[in-house]
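Each protein sequence line maps, in turn, to chains A and B. Sequential numbering of the first sequence, starting at 13, is according to the numbering used here. Sequential numbering of the second sequence, starting at 13, is according to the numbering used here. For reference, the structure is listed below as structure tokens.
Number of protein chains: 2
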Amino acid sequence: MIKVVIIGSGNVAQHLVQAFAKSKEIDVLQVFSRRKETIVPLLDSNKIISSYTDVAEADLYIIAVSDDAIAKVSAQLPFENRLVVHTSGSVPMDSVDNKNRKGIFYPVQTFTKGKEIDFNDIPICLESENATDFELLKKVAQCISHNVIKSNEKQRKALHISAVFVNNFANEMYRIANEICDENKVSFEILKPLILETATKLMTLSPKEAQTGPAKRNDLQTIQTHLDFLSNKNHVRIYKIITESIQSNGKEL
Amino acid sequence: MIKVVIIGSGNVAQHLVQAFAKSKEIDVLQVFSRRKETIVPLLDSNKIISSYTDVAEADLYIIAVSDDAIAKVSAQLPFENRLVVHTSGSVPMDSVDNKNRKGIFYPVQTFTKGKEIDFNDIPICLESENATDFELLKKVAQCISHNVIKSNEKQRKALHISAVFVNNFANEMYRIANEICDENKVSFEILKPLILETATKLMTLSPKEAQTGPAKRNDLQTIQTHLDFLSNKNHVRIYKIITESIQSNGKEL
Chain A
13 MIKVVIIGSG NVAQHLVQAF AKSKEIDVLQ VFSRRKETIV PLLDSNKIIS SYTDVAEADL
73 YIIAVSDDAI AKVSAQLPFE NRLVVHTSGS VPMDSVDNKN RKGIFYPVQT FTKGKEIDFN
133 DIPICLESEN ATDFELLKKV AQCISHNVIK SNEKQRKALH ISAVFVNNFA NEMYRIANEI
193 CDENKVSFEI LKPLILETAT KLMTLSPKEA QTGPAKRNDL QTIQTHLDFL SNKNHVRIYK
253 IITESIQSNG KEL
Chain B
13 MIKVVIIGSG NVAQHLVQAF AKSKEIDVLQ VFSRRKETIV PLLDSNKIIS SYTDVAEADL
73 YIIAVSDDAI AKVSAQLPFE NRLVVHTSGS VPMDSVDNKN RKGIFYPVQT FTKGKEIDFN
133 DIPICLESEN ATDFELLKKV AQCISHNVIK SNEKQRKALH ISAVFVNNFA NEMYRIANEI
193 CDENKVSFEI LKPLILETAT KLMTLSPKEA QTGPAKRNDL QTIQTHLDFL SNKNHVRIYK
253 IITESIQSNG KEL
């Protein structure tokens with residue numbers, strides 16, 4: 013069995029613990045966590061540690077903490093020349109302290125507290141300093157996902173920014189729509205089938221092929237009617253700029 | 013059986029013909045279409061007409077043409093005092109010519125050529141001038157959907173604009189992400205599970221609750237790293253404005 017220690021207790025750490033628990037080839041020796049309450053329901057309590065001096069010897073250490081804590085946490089690890097990876101999409105591999113062998117274990121997904129997710133479909137991007145470590149990372153990742161990808165730092169950064177667009181920014185479109193519905197006393201629920209279909213469409217069409225609507229048709233009259241209707245300045249600004257972006261169809265503005 | 017004539021041959025008309033064909037209570041007497049080829053596979057050819065003089069007497073006429081053609085088409089109908097509705101989210105009910113009784117039959121969904129869709133889940137917003145007509149519209153709508161809604165013009169307009177945000181604008185976020193992936197030689201496929209999960213999350217959480225990411229966390233360092241990475245001016249502009257929108261969290265900017 014491959015021995016893994018997870019450092020962190022947030023959403024990513026919790027989901028990893030749950031995913032590894034289902035694999036017979038991975039043994040989660042310990043979780044390092046100063047906030048035990050999120051991990052307690054997932055692991056024997058004697059495996060939850062909160063002091064670096066208690067860290068056991070393992071094949072792989074996965075740092076799943078907030079981006080700005082990665083460097084500090086990796087510097088505090090009281091050992092050398094072991095494989096230490098982090099799970100962030102935007103932090104360089106070099107942020108892992110030089111005393112250990114470095115790598116990346118980046119799951120491209122949004123994790124929500126309390127919401128179960130099928131890890132099997134989640135793409136995991138891997139990077140490492142040397143080929144042997146990469147093979148180990150690959151083995152570990154394949155125990156929980158059938159979608160394992162070798163990336164480099166530039167690709168990972170591009171994926172992370174793209175993830176911000178398809179996840180955070182698309183969600184902001186949902187939030188604004190919710191706000192417009194509330195202002196006009198109509199239920200946001202009505203839009204949910206459309207939200208699902210818009211995402212599902214992408215499984216068979218490219219976003220360029222899937223686009224419809226007044227901006228795509230260059231229907232200036234409807235666009236003006238919409239702008240006249242909107243009262244919130246932020247909505248107007250976003251409506252205008254994204255409409256321009258659709259109209260430009262990928263050409264530089 | 014309720015006798016229905018559909019006027020139009022585009023995506024909405026085609027999907028309506030298919031949905032009504034499954035109902036035993038609706039008889040699609042005719043489809044009026046100048047471009048027969050899209051309708052021929054869906055209906056007996058003797059039911060496809062292309063001259064207004066051939067229009068049969070029916071309980072309901074559904075105009076499913078482009079927004080700017082609705083008024084003209086309804087004016088050309090060679091009869092009076094029958095129930096004539098259109099399917100647009102943004103065109104006023106009054107655009108239907110005064111000689112007939114007016115109504116709205118607006119399905120809140122995106123229809124893609126050749127892509128089948130389960131009409132049963134699609135919300136249909138109804139409006140009419142009088143209560144008897146509303147009851148008929150409701151009966152017809154309920155034959156194909158379990159999600160039938162009474163709306164007024166302001167609510168319908170709000171829904172249509174909100175639909176632009178959750179559908180067209182969210183899709184534009186996907187398109188930009190695709191562009192960023194292409195520029196950095198990484199597959200857009202990797203983001204598809206995230207796109208689906210972002211939409212699926214909305215079925216149990218509000219968009220406000222579902223939000224994550226650097227803008228939500230006010231992680232200024234990651235935001236700056238992303239802005240430095242982006243080379244396309246349009247991407248930079250949209251990244252900045254939506255990040256500000258998320259940071260304002262619904263407060264007027």
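Ideal placement from N, C-alpha and C gives every residue a C-beta, glycine not left out. All values reported here derive from a predicted model rather than from experimental measurement.
Examine chain B for any beta-carbon lying closer than 7 Å to the beta-carbon of ILE134(A), and answer yes or no.
-> As a working note, residue 134(A) is residue 122 in the first sequence. In terms of beta-carbon proximity, ILE134(A) lines the interface with chain B, with at least one pair separated by less than 7 Å.
On a CA-only basis, which of SER102(A), ALA153(A), ASN110(A) is nearest GLU165(A)? Give me that one, please.
-> Here residue 165(A) refers to the residue found at position 153 of the first sequence. When each option's Cα is compared against that of GLU165(A), the closest is SER102(A).
Name, in chain order, the residues that DSSP records as bridge partners for GLY115(B).
-> On the second sequence, residue 115(B) is found 103 positions in, with the first residue counted as 1. Bridge partners of GLY115(B): VAL97(B), SER140(B).
From the DSSP output, in three-state form, read off LYS197(B) for me.
-> For this step, residue 197(B) is matched to residue 185 along the second sequence. Coil.
Using beta-carbon positions only, say whether ASP56(A) and ILE14(A) come within less than 7 Å of one another.
-> Along the first sequence, one-based indexing puts residue 56(A) at 44. Along the first sequence, one-based indexing puts residue 14(A) at 2. Not in contact: ASP56(A) and ILE14(A) (Cβ atoms no closer than 7 Å).
Tell whether a beta-carbon distance below 7 Å holds between GLU139(A) and ILE116(A).
-> Position 127 of the first sequence, counting from 1, holds the residue named residue 139(A). Position 104 of the first sequence, counting from 1, holds the residue named residue 116(A). In this structure, ILE116(A) lies closer than 7 Å to GLU139(A) by Cβ.
Minimum C-alpha distance to CYS179(A) - residue among LYS213(B), ALA83(B), GLU195(B) = Taking the first sequence and counting its residues from 1, one reaches residue 179(A) at position 167. Inspection of the sequence shows that residue 179(A) is occupied by Asn rather than by Cys. Across the set LYS213(B), ALA83(B), GLU195(B), the C-alpha of LYS213(B) shows the shortest separation from the C-alpha of ASN179(A).
Under three-state DSSP, which class holds VAL160(A)?
-> Translated into the one-based positions of the first sequence, residue 160(A) becomes position 148. DSSP places VAL160(A) in strand when its eight states are reduced to three.
Spatial neighbours of SER100(A) within its chain, please: CB distance less than 7 Å, with the 5 preceding and 5 following residues excluded, ordered by chain position.
-> As a working note, residue 100(A) is residue 88 in the first sequence. Answer for SER100(A): ASP79, ILE82, TYR118, listed in chain order.
Taking 7 Å as the cut-off, decide whether the C-beta atoms of ILE188(B) and HIS247(B) are in contact.
-> As a working note, residue 188(B) is residue 176 in the second sequence. As a working note, residue 247(B) is residue 235 in the second sequence. Yes, they are a contact pair.
With LEU72(B) as the anchor, note down where its beta strand (DSSP E) starts and where it stops.
-> On the second sequence, position 60 is the one that residue 72(B) refers to. Secondary structure note for LEU72(B): its beta strand (DSSP E) is the uninterrupted segment 72 to 75.
What residue range is occupied by the uninterrupted beta strand (DSSP E) comprising LYS166(A)?
-> Here residue 166(A) corresponds to residue number 154 of the first sequence, with the count starting at 1. Not the beta strand (DSSP E): LYS166(A) falls in the alpha helix (DSSP H), residues 165 to 175.
Look up ASP39(A) in the DSSP assignment and give the residues it is bridged to.
-> Against the first sequence, residue 39(A) aligns to sequence position 27. Per DSSP, LYS15(A).
Distance between ASN196(A) and VAL96(A) (C-alpha atoms, nearest Å) | Looking up residue 96(A) in the first sequence gives position 84. Looking up residue 196(A) in the first sequence gives position 184. When rounded, the separation of the alpha-carbon atoms in VAL96(A) and ASN196(A) is 52 Å.
Hey, does ASN179(A) have any beta-carbon neighbour from chain B nearer than 7 Å?
-> Taking the first residue of the first sequence as 1, we reach residue 179(A) at position 167. It does; some Cβ of chain B falls within 7 Å.
Of all the options ILE250(B), THR144(B), CYS155(B), which has the alpha carbon lying nearest to the alpha carbon of ASN132(B)?
-> Counted from its first residue, the second sequence places residue 132(B) at position 120. The candidate whose alpha carbon is nearest that of ASN132(B) is CYS155(B).
Determine the direct distance from the alpha carbon of ASN183(B) to that of ASN230(A), and round the result to whole angstroms.
-> As a working mapping, residue 230(A) is identified with position 218 in the first sequence. As a working mapping, residue 183(B) is identified with position 171 in the second sequence. Their Cα atoms are separated by approximately 16 Å.
Please state whether DSSP places PHE91(B) in a helix, a strand or coil.
-> Counted from its first residue, the second sequence places residue 91(B) at position 79. Coil.
Would you call the segment 21 to 37 of chain B and the segment 203 to 211 of chain B in contact, with 3 or more CB pairs under 8 Å?
-> no
Backbone CA spacing between ALA31(B) and ILE134(B) [nearest angstrom] | In the second sequence, the residue the question calls residue 31(B) occupies position 19. In the second sequence, the residue the question calls residue 134(B) occupies position 122. Rounded to the nearest angstrom, the two C-alpha atoms are 11 Å apart.
Just grab the DSSP bridge partners of ILE60(B) for me.
-> Position 48 of the second sequence, counted from the start, is the residue given in the question as residue 60(B). Answer is VAL43(B), bridged to ILE60(B).
Tell me whether the beta-carbon of ALA227(B) lies closer than 7 Å to the beta-carbon of ILE192(A).
-> Your numbering for residue 227(B) matches position 215 in the second sequence. Your numbering for residue 192(A) matches position 180 in the first sequence. Not in contact: ALA227(B) and ILE192(A) (Cβ atoms no closer than 7 Å).
Would a C-beta distance cut-off of 7 Å place GLN167(B) and VAL198(A) closer than the cut-off?
-> Numbered from 1 along the second sequence, position 155 holds the residue referred to as residue 167(B). Numbered from 1 along the first sequence, position 186 holds the residue referred to as residue 198(A). The answer is yes: Cβ separation under 7 Å.
Can VAL17(B) and LEU41(B) be called in contact, C-beta distance under 7 Å?
-> Numbered from 1 along the second sequence, position 5 holds the residue referred to as residue 17(B). Numbered from 1 along the second sequence, position 29 holds the residue referred to as residue 41(B). Yes, these two residues count as a Cβ contact at 7 Å.
The alpha helix (DSSP H) enclosing ASN246(B), as first and last residue numbers = Here residue 246(B) corresponds to residue number 234 of the second sequence, with the count starting at 1. Segment 245 to 260, the alpha helix (DSSP H) holding ASN246(B).
Beta-carbon proximity of VAL85(A) to GLY225(B), cut-off 7 Å = Counted from its first residue, the first sequence places residue 85(A) at position 73. Counted from its first residue, the second sequence places residue 225(B) at position 213. No; because the gap between Cβ atoms is not below 7 Å, this pair is not in contact.
Hey, does GLU139(B) have any beta-carbon neighbour from chain A nearer than 7 Å?
-> The count along the second sequence starts at 1 and reaches residue 139(B) at position 127. Judged by the 7 Å Cβ criterion, GLU139(B) is not in contact with chain A.
Compare the C-alpha of PHE146(B) against each of ARG113(B), ILE254(B), PHE44(B), LYS127(B) and name the closest.
-> On the second sequence, residue 146(B) is found 134 positions in, with the first residue counted as 1. Among ARG113(B), ILE254(B), PHE44(B), LYS127(B), the Cα nearest to that of PHE146(B) belongs to ARG113(B).
With distances taken between CB atoms, is the gap from SER157(A) to ILE173(A) smaller than 7 Å?
-> Taking the first sequence and counting its residues from 1, the one referred to as residue 157(A) is at position 145. Taking the first sequence and counting its residues from 1, the one referred to as residue 173(A) is at position 161. Cβ atoms of SER157(A) and ILE173(A): not closer than 7 Å.
Nearest-angstrom Cα separation, counted from LYS111(B) out to GLU128(A) = Taking the first sequence and counting its residues from 1, the one referred to as residue 128(A) is at position 116. Taking the second sequence and counting its residues from 1, the one referred to as residue 111(B) is at position 99. The straight-line gap from Cα to Cα measures roughly 57 Å.
What number of angstroms, rounded off, separates the C-alpha of VAL7(B) from the C-alpha of PRO205(B)?
-> Nothing about residue 7(B) can be reported from this structure: the residues present for chain B run from 13 to 265 only.
From SER35(A) to HIS27(A), what does the alpha carbon distance come to, in whole angstroms?
-> Numbered from its first residue, the first sequence carries residue 35(A) at position 23. Numbered from its first residue, the first sequence carries residue 27(A) at position 15. Between SER35(A) and HIS27(A), the C-alpha separation is close to 13 Å.
In angstroms with no decimal places, state the Cα-to-Cα distance between LEU149(A) and VAL108(A).
-> Working through the first sequence from its first residue, we reach residue 149(A) at position 137. Working through the first sequence from its first residue, we reach residue 108(A) at position 96. C-alpha separation (whole angstroms): 16 Å.
What residue range is occupied by the uninterrupted alpha helix (DSSP H) comprising PHE241(A)?
-> Start at 1 with the first residue of the first sequence, and residue 241(A) comes out as number 229. 232 to 241 is the extent of the alpha helix (DSSP H) around PHE241(A).
Can you name, in chain order, every residue of its own chain whose Cβ lies under 6 Å from the Cβ of ASN159(A), other than the five neighbours on each side?
-> Residue 159(A) sits at position 147 when you count from the first residue of the first sequence. Here the set comprises PRO135.
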